[in-house]
Each structure stands twice: as C-alpha cells, then as structure tokens.
Amino acid sequence: MAVDLSQAIPNNVALADDRRLQRALEHWLPAYLRWWRELGPAESALHEVYLRTAVGVDARGWAHFDYVRMPDYRWGIFLAEPEPDRRIGFGAHRGEPAWQDVPGEYRAELRRLVVTQGDTEPASVEQQRRLGASCPSLYDLRNLYQVNVEEGRHLWAMVYLLHAYFGRDGREEAVALLERHAGDPDRPRILQAFNERTEDWLSFFMFTFFQDRDGKFQLAALAESGFDPLARTCRFMLTEEAHHMFVGESGLARIVERSAELMRAHDTDAVRPFGGIDLATFQKFINFHYSICLDLFGQERSTNAANYYTMGLKGRFGEDRIGDDHRLETARYPVLGLAEGAIAATEAPALTALNERLRRDFTADSERGIARFNKVLADRGIGAPLRLPHSAFHRRIGAFAGVHVTPEGQVVNATEWQRRREEWLPSAADHAFLRDLMRPVTSPGHVAAWIAPPRRGIDGRGLDFAYVRLH
Ligand SMILES: [Fe+2]
Ligand SMILES: [Fe+2]
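First residue of the sequence shown: 72, per my numbering; consecutive thereafter.
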C-alpha cells in the first residue's frame, strides 16, 4: 500500500479515502500537539534534532534522516504490508481467515488490549520528559528524542485503531489516553511501571533496556493477533522498538565499560569518587527495573490471558515457530508459586499460564543483554558479577505480591527485608548521587565522564556531529 506523505497525517492506510476518519484524526491532532507541548520533552520545541522519520514501511523506508523541530515531526500511521490470505494462527479460530474488522463478540477484549498498549506509549514520553537537561552527549540527547517521537507515533498507531474500528467509545478512549498521566495521583497510567519516575540517564537506559523490551514481547504477541489491522500495526512498531532497545543496551554497556576502566585504573570497586557509577549501584537499578517489568506481564495464572488466546486476539511470542497444536486445550506449563513458605514450581494449564510463558521469554532475552555487559567486564579482567534477580524478588503482582524475597530467591520476613532493602534497590542516596553526577554535556563530540563514548554515530555520521542543534 502506498505511503501518502502529502497529508497532514502521513499514512499508508489510504486515509484520504475515508473523510470521516480523516476528520476525526485531524481533530485529535491538536489535542495531541498540546499534550506534546505540555508533557513531552521539556524545553525542546526549538531544538533541531537529527531524526529518522518513517517514509515507508520497508527496510528502505527508514532511510530518511534530517534535522527536525520535534513539534513539526511527521507522526504518521503506518501498518506493515498485508500478508496475502493470512490465517489466524492459534486458538479456537485457528486456520480461519484473519479478521479485517473487529469481531463483534470480542470487541470489548480487543479494545482493552489496544488501550492498555496505547497507554504505555505517551506514558514513557512523560516519564522521560526532563532527561534532556542532564544529557551525557548530543548523540545521547538525539537518541532520547528519537525514542520519544517514536513512542508518540506508537500512540498514533493505537489511536488510529481506536478511531477506525471502535466507533464512539474508541474515540473516547483516544481522548482518555491524553488525560491519564504518568505518576498522576488522580489519573495515573494503567500499568504501574509507567508511573515510576525516570529522572536520570541510568534509569533511562534501564528503561529502554527493560520496559521497551517488555514492549517488544507485548507487541510480538499482539502481532500474532487474528485481528489483522492490529497485527500489522504491531509488526511495524516492532521495527522501531528494536532501536529503543539498542539505545538501552548500548547505553548500559557504555556505562559498564567506563566503570570497568575506572575500577582497573584505581584498583577499586568504589568508583564513585572517580566520577563513575559503581557496579553495586548498577545492579540495584537492574533489580528495580527488571522486577517492575516482570509485573507488566500480569498474574502467573490468568483467565484473561487464556481467553485472549482462545479468542485469537493475542498469541505467544514466535507463535508460528512453536511446534504444538496452537490451541493448548490440554497442555501444561510450569509456574512458580509459594508452597509452605518456599518457592516451588507447579504445573498449570498452559492456557492460563500464558503470561508466565511470555514473562519467561522476556527473561531469556534480558539475560542475553546482561551476558553482554558481563562480557564487557570480563574483557577488562573483571569477573562476571551482574545478574538478573530472582523472578519472585520485589513483585507487586502475582503469586509473590506481598512476599519478601531476596534477589537470590530466599523468602525472608518483613524486618529482614526492610533491613536489607537498600542493598538491593536504589535508595534516595543513590538517586541523589546520580542527580549530582549527571551534568549536561552539549558540545559536539564531547561525552560525560561516567559513560564511554559510543562505538559509532548515527546514520554514518561521526561522533563529533551536531546531532542536536540547541536553541
Ligand atoms: Fe512504544
Ligand atoms: Fe519503545
């Protein structure tokens, strides 16, 4: 389908042919821009940012890089190319043609899935809005803004689905997506991890490493959906998500690299006095972000998850590569729970354990990243000390909510938890340390001392390129 860039809203969904829908979205546009001004990246409206803009949905479509003032960014609606004769790949409707419209009996469930995904997109922009003031380099500042505009586009993607397929209540949900705000005590975002603050760049890189990876797995599960417009929307969003995780993973690897250099140079783990981030602090941020992201996958046993699957709305990660019946009526899957004060695995129906399965896919993917950080350390003669905490650690949702579990997976009492909490999770003092450490570095080619320079620039540009022109 051709990409139409001449419209106020660039798109490849032939928006110009549907006047009603086009008018509805053009009506939503000013509300979106107001939200961007008020809750998007702070004091950034005049900056010229070297951004990539989607001008097509194939690999070459990403080739367009130029300076853009972010309020002028062309947020568009792009769906991946349709697959001819696509069939539903799982659940009770397996083998039937994919739906091009919302099946009436699943309308409420589908809307809920779209709204929940849509809510995370503007939330992350809100959470990250003050980071520009402490950027470690123009390269990093540009990457932050790139992530921000793409999360804005992801919101557009979900709002398009709401407007195009859910009628009046879809339009109301689209308005509500701009009314809930991250951390707002009265109208918070739907999922707790999207109400936390992201106030320093260690948190930002952890966010793009863990939260955006959660996004990858949720989108991958929705990309299997029998509702074809949702599947195609998510498939295109996944191409953007890959860059967000690159920002997180490379940012964290650069921090670890600098810490390792300082550890070697000064022969100590305590690198804070030398302007670095010590690995103990780094580990605490892993513990925090990983654990709040595990909660994003929901209860270990969930009838909602089972229903979404059986209805054909949300599949598994890599559904078509899994060698089973894709209906799961009799299959079992192990889930962890608490039995007589200890953590133990029990078998559950695979259908109700789908959240747990997706969570484990996420964990395996996260582990590959952690291994990469440990390789950076090992290459510099430092034994592999970074790890993911136990999946029962610091959980607020599921079988371990309210249970005190150490990062090693030992159940402890509340007193012990309180006594050791700051060994395991970032403390107020850790946050204050980072706030103090992170002063903005905004001359081209310069990079803050707490992070190693990137390996290479963006779009073939050098490291001394002015990725953002500040105004
Ligand atoms: Fe996103
Ligand atoms: Fe993302």
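Built from N, CA and C at the ideal position, the CB exists for glycine as well.
Note that the structure is a prediction, hence the values are computed from the model and not measured.
Within its chain, find whatever has a CB closer than 8 Å to the CB of residue i; leave out the 5 residues flanking it on each side and keep chain order.
i: L86; result: D75, Q78, I80, L92, Q93, L96 and I148
i: P456; result: L350, Q354, N445 and L448
i: D137; result: Y121, L122 and T124
i: Y380; result: F161, G162, G386, R387, L399, L422 and L425
i: F544; result: With the chain represented from 72 up to 542, any question about residue 544 goes unanswered, as that position is not in the structure.
How far does the beta strand (DSSP E) with residue i in it reach, from first residue to last?
i: D137; result: H135 to R140
i: G408; result: R403 to A410
i: I363; result: First-last for I363: L350 to L367, but that is the alpha helix (DSSP H), not the beta strand (DSSP E).
i: V128; result: No beta strand (DSSP E) contains V128, which DSSP labels as neither H nor E.
i: Y121; result: E119 to T124
i: T417; result: A413 to P420
What I want to know is whether the C-beta of residue i ends up closer than 8 Å to one or more non-hydrogen atoms of ligand 1.
i: E221; result: yes
i: E438; result: no
i: E270; result: no
i: H164; result: no
i: T191; result: yes
i: M382; result: no
Cβ of residue i versus every heavy atom of ligand 2: is any distance shorter than 8 Å?
i: G286; result: yes
i: D340; result: no
i: D283; result: yes
i: E267; result: no
i: S321; result: no
i: S195; result: yes
i: T279; result: yes
i: E311; result: yes
i: H360; result: no
Taking residue i as part of the alpha helix (DSSP H), name the residues at either end of that continuous run.
i: G286; result: W272 to L293
i: P300; result: D299 to H337
i: R242; result: G238 to A247
i: E97; result: R90 to L110
i: A376; result: T374 to M382
Looking only at its own chain, which residues have a Cβ that is under 6 Å from the Cβ of residue i, when we skip the five neighbours before and after it?
i: F276; result: G319, G322 and L323
i: H225; result: E192 and M308
i: D54; result: Outside the displayed span of the chain (72 to 542) sits residue 54, for which this structure offers no information.
i: L508; result: W521
Does the Cβ of residue i have 16 or more other Cβ atoms within 10 Å, making it buried, or fewer, making it exposed?
i: K355; result: buried
i: N484; result: exposed
i: P207; result: buried
i: G531; result: exposed
i: G386; result: buried
i: G394; result: exposed
i: T339; result: exposed
i: H234; result: buried
i: D257; result: exposed
i: Q289; result: buried
i: P101; result: exposed
i: L212; result: buried
Using a Cβ-Cβ cutoff of less than 7 Å, which residues in the same chain neighbour residue i once the five nearest sequence positions on both sides are dropped?
i: G347; result: R329, S330, L333 and W521
i: P511; result: A204, S205 and C206
Which parts of the region 447 to 531 are runs of the alpha helix (DSSP H), unbroken and 4 residues or longer, counting only runs that do not cross its ends? 485 to 495 and 499 to 508
What are the uninterrupted segments assigned as alpha helix (DSSP H) that are 4 or more residues long and contained completely in the region 163 to 217, given in chain order? 178 to 198
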